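Q: Take a look at this one; I'll ask things after.
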Amino acid sequence: MYAITIPEPGGPEALVWAEVPDPVPGEGEVLVEVAASAVNRADLLQRQGFYNPPPGASPYPGLECSGRVVALGPGVSGFSVGDEVCALLSGGGYAEKVAVPVGQLLPVPEGVDLVTAAALPEVTCTVWSNVFMIAHLRPGETLLVHGGASGIGTMAIQLAKAVGARVAVTAGSKEKLQHCAELGADILIDYREQDFVAELREATDGAGADVILDIMGAKYLDRNVKALAVNGRLAVIGLQGGVKGELNLGALLNKRAAVTATSLRGRPLTEKASIVAAVREHVWPLIAGGHVKPVVDRTLPMSEAPAAHRVLEESGNVGKVLLTP
Numbered sequence: 001m002y003a004i005t006i007p008e009p010g011g012p013e014a015l016v017w018a019e020v021p022d023p024v025p026g027e028g029e030v031l032v033e034v035a036a037s038a039v040n041r042a043d044l045l046q047r048q049g050f051y052n053p054p055p056g057a058s059p060y061p062g063l064e065c066s067g068r069v070v071a072l073g074p075g076v077s078g079f080s081v082g083d084e085v086c087a088l089l090s091g092g093g094y095a096e097k098v099a100v101p102v103g104q105l106l107p108v109p110e111g112v113d114l115v116t117a118a119a120l121p122e123v124t125c126t127v128w129s130n131v132f133m134i135a136h137l138r139p140g141e142t143l144l145v146h147g148g149a150s151g152i153g154t155m156a157i158q159l160a161k162a163v164g165a166r167v168a169v170t171a172g173s174k175e176k177l178q179h180c181a182e183l184g185a186d187i188l189i190d191y192r193e194q195d196f197v198a199e200l201r202e203a204t205d206g207a208g209a210d211v212i213l214d215i216m217g218a219k220y221l222d223r224n225v226k227a228l229a230v231n232g233r234l235a236v237i238g239l240q241g242g243v244k245g246e247l248n249l250g251a252l253l254n255k256r257a258a259v260t261a262t263s264l265r266g267r268p269l270t271e272k273a274s275i276v277a278a279v280r281e282h283v284w285p286l287i288a289g290g291h292v293k294p295v296v297d298r299t300l301p302m303s304e305a306p307a308a309h310r311v312l313e314e315s316g317n318v319g320k321v322l323l324t325p
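Heads up, the sequence shown is in full-length UniProt numbering, so the first residue is 1 and it goes up one at a time.
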């Protein structure tokens, strides 16, 4: 088969479409013929040599895909050859085929085509696990989403609105904020021109955000704590603004607030399977009912993965960038 390889870490040009051995499904795995994959910022880090796959995972980038089941490994049940699926991966999505643990497979949701389904696994699992399973966002609460026009952001807006929460977003342009508003965002903050702490407090009568979904890490840590409401929960899922920051424990204590930081890729198979099962139970009906939709910025051939990486590096996307073999 062909896959995107990384012979040497570097810029987008380090991604090479090359012939490689076919994967073989092991115990509890299925082999998926890939219809599409999607680009995540973790892929950019892997390309640069900063985020290696966990032990035993595929060496090729790609943390999600959609496609058809073409073979079953030993001990697999619940899926059959020919099923249309999408999957959460530890790697290997930028390829013509990938072996997937059966617990990380999802049926393609009703009303979504096979290629577009590749936009769903990573964002739905990330948002549901952090905003709902860990931070327990409730109806009537306020969620602040940094990077509201990203793949994660566009899904977080929709899921929060679907459960009856109020949503604030930050983004870097009026155009991106308009896209967020069309998805249901209530409070729109241009981080290039506005102080998100002041804007959020004004919009919430001084209360702040009950839950913050943060992709920036250190750069926003102090301001995020200031923006939290009493009993607020800060969920850090990205480190685009650095890995080390100063945390004011007194401010956190006074607000009885909490900070969590998680990633999906390195979690044990059992944890991933639990998250995928929760997404199938809670999110898939919302998609089938038309309340939540995948947001796709563009679709490119997988051989043009370098161009797709440049789009993300320049923050030129609203929603997901997909790749097709």
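Heads up, the beta-carbon is just placed ideally off N, CA and C, and yes, glycines get one too.
Everything numeric in this text was worked out from a predicted model, so none of it was measured.
(1) Which runs of the alpha helix (DSSP H), 4 residues or longer, sit entirely within the region 272 to 302?
(2) How big is the Cα-Cα spacing for residue 352 and LEU15?
(3) Leaving aside the five residues before and after VAL230 along the sequence, list all residues of the same chain whose C-beta is less than 7 Å from its C-beta, in chain order.
(4) Please classify HIS136 as buried or exposed, where buried requires at least 16 other C-beta atoms within 10 Å of its C-beta.
(5) Report the rounded CA-to-CA distance for GLY93 versus GLU202, giving the unit in angstroms.
(6) Please tell me whether LEU239 and ALA218 are closer than 9 Å, where the distance is taken between their beta carbons.
(7) With H, G and I counted as helix, E and B as strand and the rest as coil, what does DSSP make of ARG201?
(8) Is GLY103 helix, strand or coil by DSSP?
(9) Please report how far the alpha carbon of ALA18 lies from the alpha carbon of PRO306, in whole angstroms.
(10) Which one of PHE79, PRO301, LEU286, GLY49 has the shortest CA to CA distance from LEU120?
(11) In the DSSP output, what is THR324 paired with across the bridge?
(12) Exposed or buried, PRO301, counting other C-beta atoms within 10 Å across all chains shown (16 or more means buried)?
(13) On the CB-based measure, 16 or more other CB atoms within 10 Å of its CB, does VAL81 come out buried or exposed?
(14) Give me the Cα-Cα distance between ASP22 and LEU88, rounded to the nearest whole angstrom.
(15) Is LYS244 helix, strand or coil when you go by DSSP?
(16) For TRP17, write down the residues that DSSP places opposite it in a beta bridge.
(17) Touch check for the region 206 to 216 and the region 142 to 154: three-plus C-beta pairs under 8 Å?
(18) Hey, out of VAL296, GLY148, GLY49, ARG310, whose CA is closest to GLU8's CA?
(19) Counting beta carbon pairs with one atom in the region 123 to 136 and one in the region 193 to 201, are three or more of them shorter than 8 Å?
(20) For GLY266, which residues in the same chain have their Cβ closer than 6 Å to its Cβ, ignoring the five residues on either side in sequence?
A: Short version:
(1) 284 to 288
(2) This structure cannot settle anything about residue 352, because the visible part of the chain is limited to 1 through 325.
(3) LYS255, ARG256
(4) exposed
(5) 43 Å
(6) yes
(7) helix
(8) helix
(9) 14 Å
(10) LEU286
(11) PRO301
(12) exposed
(13) exposed
(14) 19 Å
(15) coil
(16) ILE4
(17) yes
(18) GLY49
(19) no
(20) PRO54
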